[in-house]
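S.K.: According to the numbering used here, numbering within the sequence shown proceeds without interruption in unit steps and concludes at 661.
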Amino acid sequence: MADHHHHHHHNFSLCFCDFMRLLWSLVVPCLVLSLVLSLVLLLVLLGLRVWLQGRRRARRARDDGPAVAFFHPYCNAGGGGERVLWCALRALMHRYPGVTFVVYTGDQEVTGAQILERARQRFNIKLPRPVSFVFLRHRALVEAASYPHFTLLGQSAGSMFLGWEALMAYVPDLYVDSMGYAFTLPIFRYLGGCQVASYVHYPTVSTDMLSVVRERNPRFNNADFISRNPLLSAAKVVYYCFFALLYGLAGSCSDVIMVNSTWTLGHILALWRSPGRTSVVYPPCDIKAFLDVQLGEEDEEVDDGWEELGGDGNGAEDRKCHSIVSVGQFRPEKDHRLQIRAFHKLLSGKEEGPRGRESLRLVLIGGCRNQEDEERVLKLRGLCKELGVEDRVDFKLNVPFEELKRELVDATIGLHTMWNEHFGIGVVECMAAGTIVLAHKSGGPKLDIVVPYEGGQTGFLANSEEGYVAAMETILALSAAERMEIRRNARRSVLRFSDQEFEASFLAATDMLMGKLEQ
Numbered sequence: 143m144a145d146h147h148h149h150h151h152h153n154f155s156l157c158f159c160d161f162m163r164l165l166w167s168l169v170v171p172c173l174v175l176s177l178v179l180s181l182v183l184l185l186v187l188l189g190l191r192v193w194l195q196g197r198r199r200a201r202r203a204r205d206d207g208p209a210v211a212f213f214h215p216y217c218n219a220g221g222g223g224e225r226v227l228w229c230a231l232r233a234l235m236h237r238y239p240g241v242t243f244v245v246y247t248g249d250q251e252v253t254g255a256q257i258l259e260r261a262r263q264r265f266n267i268k269l270p271r272p273v274s275f276v277f278l279r280h281r282a283l284v285e286a287a288s289y290p291h292f293t294l295l296g297q298s299a300g301s302m303f304l305g306w307e308a309l310m311a312y313v314p315d316l317y318v319d320s321m322g323y324a325f326t327l328p329i330f331r332y333l334g335g336c337q338v339a340s341y342v343h344y345p346t347v348s349t350d351m352l353s354v355v356r357e358r359n360p361r362f363n364n365a366d367f368i369s370r371n372p373l374l375s376a377a378k379v380v381y382y383c384f385f386a387l388l389y390g391l392a393g394s395c396s397d398v399i400m401v402n403s404t405w406t407l408g409h410i411l412a413l414w415r416s417p418g419r420t421s422v423v424y425p426p427c428d429i430k431a432f433l434d435v436q437l438g439e440e441d442e443e444v445d446d447g448w449e450e451l452g453g454d455g456n457g458a459e460d461r462k463c464h465s466i467v468s469v470g471q472f473r474p475e476k477d478h479r480l481q482i483r484a485f486h487k488l489l490s491g492k493e494e495g496p497r498g499r500e501s502l503r504l505v506l507i508g509g510c511r512n513q514e515d516e517e518r519v520l521k522l523r524g525l526c527k528e529l530g531v532e533d534r535v536d537f538k539l540n541v542p543f544e545e546l547k548r549e550l551v552d553a554t555i556g557l558h559t560m561w562n563e564h565f566g567i568g569v570v571e572c573m574a575a576g577t578i579v580l581a582h583k584s585g586g587p588k589l590d591i592v593v594p595y596e597g598g599q600t601g602f603l604a605n606s607e608e609g610y611v612a613a614m615e616t617i618l619a620l621s622a623a624e625r626m627e628i629r630r631n632a633r634r635s636v637l638r639f640s641d642q643e644f645e646a647s648f649l650a651a652t653d654m655l656m657g658k659l660e661q
């Protein structure tokens with residue numbers, strides 16, 4: 143019996159030895175193979191780089207000068223990011239007459255001339271010289287809709303392919319990513335041999351996002367079944383951390399990094415870790431159009447008019463209606479529900495009649511991009527009905543600029559409720575128009591915009607339903623003179639977000655890189 147046991151043990155050790163021998167005989171070829179493959183890959187990449195640099199030199203000789211290319215797949219969208227693009231191009235064109243400018247765009251359905259015409263209509267920006275457009279065919283690769291799962295990873299890999307398509311079509315001397323596709327930076331830097339710069343509106347992954355997933359909060363893009371399951375939540379945290387690491391590596395390729403706010407700066411410094419190359423360049427806001435409306439310019443006259451409308455007069459002179467206006471797309475993170483609930487609470491403290499409830503109205507102005515947004519508006523209208531405030535709330539969808547301007551100029555309070563808004567152009571526009579702004583106590587509004595100006599108050603901040611109600615009560619109770627003081631401070635303070643300030647900061651940030659190109 144013992145003999146049988148011994149025999150069995152002997153067999154097992156033989157099997158084990160054979161197995162180890164087999165493994166060892168496989169390990170060496172695998173190592174050699176992986177080394178050979180790595181070398182082949184390295185040689186292919188070096189070959190590509192040499193070939194692309196040859197193409198760049200040929201192009202430079204043909205154009206008789208350096209070229210700067212902006213990567214902006216949605217350059218016809220007409221949002222704040224596009225305003226940055228056109229203002230940056232205008233500033234660089236004025237400053238560097240010998241440089242060629244190119245924009246990589248995915249807008250297939252329009253011509254270059256139509257894109258420029260839309261920029262002129264939408265932003266009143268006309269470029270001093272022609273710009274060339276390179277039309278990319280595979281923009282769908284960076285659209286969130288293409289990746290129902292692992293959206294961040296999918297979009298980032300997609301952006302690398304789109305960047306490759308762009309680089310194959312045109313090899314610039316300086317590449318500027320103005321839309322936040324950080325994963326295109328290493329491609330242009332290491333394969334194209336270009337200088338690279340980036341303007342970041344919003345970190346693709348942020349440390350706040352990590353904490354939201356960690357706390358299993360179903361706030362955004364965190365499916366309910368994930369936030370309920372601790373194992374899936376842990377996996378998602380690991381995935382986010384891995385992604386944040388990759389994002390940091392890609393971003394740190396940038397020679398110059400510009401961010402749009404103090405909030406974004408904090409995140410980009412934490413993720414990209416390149417403090418020496420990073421600076422805040424506030425986005426250009428269209429404040430001129432709002433500042434044209436008289437408010438502080440003809441002080442006495444306007445003050446009198448304001449007294450008639452507003453605070454201290456009594457009886458017939460008392461202002462008929464205070465409107466509270468909110469400007470922002472109907473997206474979930476803009477939190478219109480909070481605005482409606484706070485407004486309902488404010489009304490419930492007022493008596494009926496023209497001096498109370500009827501003297502207030504809430505105006506929600508915003509863009510609807512698609513079917514989802516329209517459904518959201520229907521739900522918001524439903525909420526107004528449920529709370530019994532539908533008679534005091536107006537929805538204004540996709541309104542022309544002139545109407546937006548009129549509503550803001552007539553408003554008493556400009557309302558903003560988005561948590562961690564990275565900058566907040568809407569808040570700046572409200573301040574420029576002379577409304578008293580009440581914004582969310584986080585992100586850009588808290589750190590950059592609604593901050594004291596020369597010691598004077600420029601607006602109000604809140605971060606809860608009760609906080610918003612209390613702040614609205616406070617603003618409505620101010621005298622006309624006190625209100626005027628805040629409006630004037632706010633107006634003066636937003637001058638730092640003008641086109642001129644942006645252009646000066648942008649040129650200062652890119653000065654060193656542009657100098658290298660000119661040599």
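Backbone N, C-alpha and C fix where the C-beta goes; we use that ideal spot for every residue, glycine too.
Just so we're clear, the structure is a prediction, and the values are computed from it rather than from any experiment.
Is there contact between the stretch 602-622 and the stretch 562-577, where contact requires at least three CB pairs shorter than 8 Å?
M.R.: no
S.K.: Hey, how far is the Cα of TYR323 from the Cα of VAL170?
M.R.: Here residue 323 is taken as the residue at index 181 of the sequence shown, counted from 1. Here residue 170 is taken as the residue at index 28 of the sequence shown, counted from 1. Taking the straight line joining both Cα atoms gives about 40 Å.
S.K.: Using only CA atoms, which one of LEU407, VAL210, GLU475, SER403 lies nearest to GLN337?
M.R.: In the sequence shown, counting from the first residue as 1, residue 337 sits at position 195. Here the closest residue by C-alpha is VAL210.
S.K.: Under the DSSP definition of a beta bridge, which residues are partnered with ASP536?
M.R.: The residue you call residue 536 lines up with position 394 of the sequence shown. VAL505, per the DSSP bridge assignment.
S.K.: Give the C-beta separation of TYR312 and LEU352 to the nearest angstrom, bearing in mind that I take them to be a contact with Cβ-Cβ under 8 Å.
M.R.: Translated into the one-based positions of the sequence shown, residue 312 becomes position 170. Translated into the one-based positions of the sequence shown, residue 352 becomes position 210. Their Cβ separation, rounded to whole angstroms, is 37 Å, which puts TYR312 and LEU352 out of contact at 8 Å.
S.K.: Kindly list the residues whose CB is nearer than 7 Å to the CB of GLY222, restricted to its own chain and excluding five residues on each side of it in sequence; keep chain order.
M.R.: Locating residue 222 in the sequence shown gives position 80, counting from the first residue. Sequence-distant partners of GLY222 (beyond 5 residues in either direction) whose C-beta falls short of 7 Å from its own C-beta, in its chain, are PRO425, ILE567.
S.K.: Identify whether LEU557 lies in helix, strand or coil by the three-state DSSP scheme.
M.R.: Here residue 557 corresponds to residue number 415 of the sequence shown, with the count starting at 1. Reduced to three states, the DSSP call for LEU557 is strand.
S.K.: Determine, using beta carbons only, whether HIS343 and MET321 come nearer to each other than 9 Å.
M.R.: In the sequence shown, counting from the first residue as 1, residue 343 sits at position 201. In the sequence shown, counting from the first residue as 1, residue 321 sits at position 179. Yes, the pair counts as a contact, with Cβ atoms nearer than the cut-off.
S.K.: Candidates VAL636, LEU413, GLY189: which alpha carbon is nearest VAL570's?
M.R.: Translated into positions along the sequence shown, residue 570 becomes position 428. Checked all of VAL636, LEU413, GLY189; the closest Cα to VAL570 is VAL636.
S.K.: I need the DSSP call for TYR595, collapsed to helix, strand or coil.
M.R.: Here residue 595 refers to the residue found at position 453 when the sequence shown is read from its first residue. Residue state, collapsed to three classes: strand.
S.K.: Only counting runs of 4 or more residues, tell me where the alpha helix (DSSP H) segments fall wholly within the stretch 571-629, in order along the chain.
M.R.: 607-619
S.K.: Return the Cβ separation of GLY248 and TYR216 in integer angstroms, given the expectation that the two are a contact with Cβ distance under 8 Å.
M.R.: The residue given as residue 248 occupies position 106 in the sequence shown. The residue given as residue 216 occupies position 74 in the sequence shown. At roughly 7 Å, the Cβ-Cβ gap stays under 8 Å, so GLY248 and TYR216 are in contact.
S.K.: Would you mind reading off the limits of the beta strand (DSSP E) that contains SER465?
M.R.: For this step, residue 465 is matched to residue 323 along the sequence shown. Start and end: 464-469.
S.K.: Candidates VAL244, PHE212, LYS268, PHE325: which alpha carbon is nearest VAL284's?
M.R.: Mapped onto the sequence shown, residue 284 falls at position 142. The option with the nearest alpha carbon to VAL284 is PHE325.
S.K.: DSSP on ALA211, reduced to helix/strand/coil?
M.R.: The sequence position of residue 211 within the sequence shown is 69, counting from 1. Correct three-state label for ALA211: strand.
S.K.: Report the CB separation of ARG204 from ASP315 in whole angstroms; it is logged as a contact under 8 Å.
M.R.: Residue 204 sits at position 62 when you count from the first residue of the sequence shown. Residue 315 sits at position 173 when you count from the first residue of the sequence shown. Their Cβ separation, rounded to whole angstroms, is 13 Å, which puts ARG204 and ASP315 out of contact at 8 Å.
S.K.: Using three-state DSSP, classify VAL276 as helix, strand or coil.
M.R.: Here residue 276 refers to the residue found at position 134 of the sequence shown. If DSSP states are grouped into helix, strand and coil, VAL276 belongs with the strands.
S.K.: Quick check on SER421: does DSSP put it in helix, strand or coil?
M.R.: The sequence position of residue 421 within the sequence shown is 279, counting from 1. Note: SER421 maps to strand in three-state DSSP.
S.K.: Here's the rule I'm using: 16 or more other beta-carbon atoms within 10 Å means buried, otherwise exposed. How should PRO496 be labelled?
M.R.: Here residue 496 refers to the residue found at position 354 when the sequence shown is read from its first residue. Exposed: under 16 other Cβ atoms inside 10 Å.
S.K.: Applying the 10 Å Cβ sphere with the 16-neighbour rule, what's the burial state of ARG262?
M.R.: Looking up residue 262 in the sequence shown gives position 120. With fewer than 16 Cβ atoms within 10 Å of its Cβ, ARG262 is classed as exposed.
S.K.: Output yes or no for whether 9 Å exceeds the beta carbon distance between SER468 and GLY508.
M.R.: For the purposes of this step, residue 468 is taken as the residue at position 326 of the sequence shown. For the purposes of this step, residue 508 is taken as the residue at position 366 of the sequence shown. A contact, by the Cβ cut-off of 9 Å.
S.K.: Starting from MET400, trace the beta strand (DSSP E) in both directions and tell me its first and last residue.
M.R.: Stepping through the sequence shown from its first residue, residue 400 is reached at position 258. Segment 398-401, the beta strand (DSSP E) holding MET400.
S.K.: Give me the Cα-Cα distance between MET109 and VAL245, rounded to the nearest whole angstrom.
M.R.: With the chain covering 143 to 661 only, the question about residue 109 has no answer from this structure.
S.K.: Could you name the residues of the same chain whose beta carbon sits closer than 6 Å to that of ASN402, not counting the 5 residues immediately before and after it, in chain order?
M.R.: As a first step, residue 402 is located in the sequence shown; it is residue number 260 there, counting from the start. The residues are HIS343, PRO425, PHE565.
S.K.: Could you tell me which residues DSSP puts in a beta bridge with ALA339?
M.R.: For this step, residue 339 is matched to residue 197 along the sequence shown. ALA339 pairs with VAL318, VAL398.
S.K.: Report all residues from its chain with a CB closer than 7 Å to the CB of HIS236; omit the five preceding and five following residues, and keep chain order.
M.R.: In the sequence shown, residue 236 corresponds to position 94, counting from 1. Cβ neighbours of HIS236 beyond the five flanking positions: PRO270.
S.K.: Would you say the stretch 526-533 touches the stretch 467-485, given that touching needs at least three Cβ pairs under 8 Å?
M.R.: yes
S.K.: Taking the alpha carbon of LEU488 as the reference point, which residue from ARG503, HIS478, LYS476 has its own alpha carbon closest?
M.R.: Translated into the one-based positions of the sequence shown, residue 488 becomes position 346. When only C-alpha atoms are compared, the closest one is ARG503.
S.K.: Please give the ranges of any beta strand (DSSP E) in the stretch 177-209, keeping only runs that are unbroken, at least 3 residues long and fully inside the region.
M.R.: none
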